[in-house]
Amino acid sequence: MKRLLDDYVFDSELRYEAHVLRYKPGQVDEIPLGGILGAAVLCALLADTEEGDARGIAVDEPEQRDTFFQRYEREVRRDNGGLFKTEVEALSHAYIELTESDVLQLICKNDRLFDLAFGLMMEYMQRLVKEQAEEHIYEVFPWQAPFAQWLYDAGFVETRRQRLLSIDWTNAAEVYSLEAELNNTQNQEQASKEEPTFYFEGENAEKIMNDYYYWLLQQLQAEADMMPDAQERLAQLKAFALQQETDWKFLQSDIAKLKPQAINVFRSWMKQWTEFITTKMGNTPDTTFPPQDSAMRTKQVLFPDEILPCPPENNYVEVCKYIAERCRYDKDFKTYYDSNTRVRLCEQLTAMFGWVVSPNHLGKRIKNHQIN
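In this text, residue positions in the sequence shown follow the numbering used here: the first is 157, and each later residue adds one.
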């Protein structure tokens, strides 16, 4: 099989050479079209021909187009092609060559081939955008503590991210502007005018807060595990983290510089976040566990600690999570769990939680939760 982008001469006016489509009608200057646009036109013109079949050109199905793009990237690798920046530059230069002319329509011969070429170009550029913008904002801008700082900084990243996602690749002016930005000729001016965007593309606000919270817990646990008194250390770290996460006064001077709408949205985020993190980390066992019955203390051997809150009544999913987490850091609790029957365990949990923990109900849930 031939290579996808092998040189090819269509006629005396049009040829594809060294990964560039070259058009020179009559005495006018040659018009070069490089990058994905030149390759897409080559593909459109050769599709469903003997030459196209020999090169393995097939682009009707999504899987076929994926293969086409992968082959394109492999073959232009030595030209530094297939990178977002270089492809934007190539497309920008192609639009300069095509300014105020119908050259591309003439090259493609008819509307269907023109649409195929442009469609392939746009799909490939959108593919590169997805690689830049990622699926989630926290993949582009990783978590950092406290949440208020991450939110503020991520808002500016999201502004640029959404602008990138919304680019019309058939609009030459938008492509010119992006190329200039990528080449740092407008970055400073653009950044000074930029406003943060606190609505994150494709994200639910509650999901963002939950994902950040679990990331934060992992950081605290990892730090606590480095110390011999990990259990006590984790409780201290959680208390400190809660204080840090609910205080965003250090950002107020920066927030005050934003437009009123952005200020209101940020404040709304922080109000919701403060309530969320306080609910998650502010409830200590002193307030979530019932008073321990003194009459039970001769029999009771498991007691609340200062780390985990009491599971809600009859919520056996949360009970399983409580057992699994407590076993992970509390050796005495795990020893009791491993060496006693489920009935005895439930007696201890009933005394701790203040509501009757059923061995049968717990047993059904434990089967779906791996507790080591």
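We treat Cβ as the ideally placed atom computed from N, Cα and C, and that holds for glycine.
Rounded C-alpha distance that separates residue i from residue j
i: V184; j: V331; result: 26 Å
i: H517; j: R482; result: 19 Å
i: V529; j: D403; result: With the chain covering only 157 through 528, there is no way to say anything about residue 529.
i: Y493; j: C502; result: 10 Å
i: E291; j: K363; result: 14 Å
i: R521; j: Y472; result: 7 Å
i: E462; j: W429; result: 23 Å
i: E351; j: E206; result: 53 Å
i: T315; j: G358; result: 14 Å
i: Y172; j: A214; result: 18 Å
i: K487; j: N496; result: 14 Å
i: E229; j: G237; result: 7 Å
i: R500; j: S514; result: 11 Å
i: L161; j: I411; result: 52 Å
i: R234; j: G311; result: 37 Å
i: L202; j: K158; result: 13 Å
i: T506; j: E469; result: 10 Å
i: D216; j: A200; result: 11 Å
i: V232; j: A386; result: 53 Å
i: R453; j: L372; result: Because R453 sits at a pLDDT of 45, beneath the cut-off of 50, its placement in the model cannot be relied upon, and the following sentence gives the value as read from the coordinates. Cα to Cα, R453 sits roughly 35 Å from L372.
i: P181; j: E169; result: 5 Å
i: A417; j: R423; result: For the record, residue 417 in the displayed sequence is Gln; it is not Ala. Their Cα atoms are separated by approximately 10 Å.
i: R178; j: Q226; result: 23 Å
Reduced DSSP category for residue i - H, G, I as helix; E, B as strand; rest coil
i: E414; result: The sequence given here has Leu at residue 414, not Glu. Of the three classes helix, strand and coil, the one that applies to L414 here is coil, per DSSP.
i: T454; result: Bear in mind that the predicted position of T454 carries a pLDDT of just 43, short of 50, making it unreliable; the figure below should be weighed with that in mind. If DSSP states are grouped into helix, strand and coil, T454 belongs with coil.
i: V473; result: helix
i: R398; result: Here residue 398 turns out to be Leu, not Arg, going by the sequence shown. If DSSP states are grouped into helix, strand and coil, L398 belongs with the helices.
i: V165; result: strand
i: V285; result: helix
i: V313; result: helix
i: E219; result: helix
i: M437; result: helix
i: I293; result: helix
i: Q300; result: coil
i: C483; result: helix
i: R423; result: helix
i: P446; result: coil
i: Y355; result: coil
i: S409; result: helix
i: F225; result: helix
i: E350; result: coil
i: I522; result: helix
i: P460; result: coil
i: P515; result: helix
i: L307; result: helix
i: L393; result: helix
i: W429; result: helix
Range of the contiguous beta strand (DSSP E) that encloses residue i
i: E501; result: What sits at residue 501 in the sequence shown is Leu, not Glu. Looking at the DSSP string, L501 is not in any beta strand (DSSP E); the run it does join, the alpha helix (DSSP H), is R498 to F509.
i: L170; result: L170 to E173
Limits of the alpha helix (DSSP H) - the one that residue i falls within
i: Y332; result: A328 to L338
i: S495; result: K487 to S495
i: L376; result: A361 to A380
i: R211; result: Looking at the DSSP string, R211 is not in any alpha helix (DSSP H), and its letter there is neither H nor E.
i: I323; result: Element bounds for I323: n/a, residue is neither H nor E.
Worksheet item: Can you list the alpha helix (DSSP H) stretches of 4 or more residues lying completely in the stretch 175-204, in chain order?
Response: The stretch 175-204 contains these whole alpha helix (DSSP H) runs: 191-202.
Practice prompt. Give, in chain order, every unbroken run of the alpha helix (DSSP H) that is at least 4 residues long and sits entirely within the stretch 228-283.
Written response: Assignment of alpha helix (DSSP H) within the stretch 228-283, counting only whole runs of 4 or more residues, yields 240-253 and 259-264 in chain order.
Worksheet item: Can you find at least 3 beta carbon pairs, one from the stretch 239-251 and one from the stretch 295-308, that sit closer than 8 Å?
Response: These segments do not touch.
Discussion item. Under 8 Å, with one C-beta from each stretch per pair, do the stretch 377-387 and the stretch 279-296 reach the 3-pair mark?
Written reply: Touching, no.
Discussion item. For the structure I just gave you, are there three or more beta carbon pairs, one from the stretch 432-439 and one from the stretch 388-405, closer than 8 Å?
Written reply: Three or more beta-carbon pairs separated by less than 8 Å link the stretch 432-439 to the stretch 388-405, which places the two stretches in contact.
Worksheet item: With contact counted as at least three CB pairs below 8 Å, one residue from each stretch, are the stretch 263-283 and the stretch 365-380 in contact?
Response: Flag = no, the stretch 263-283 and the stretch 365-380 do not touch.
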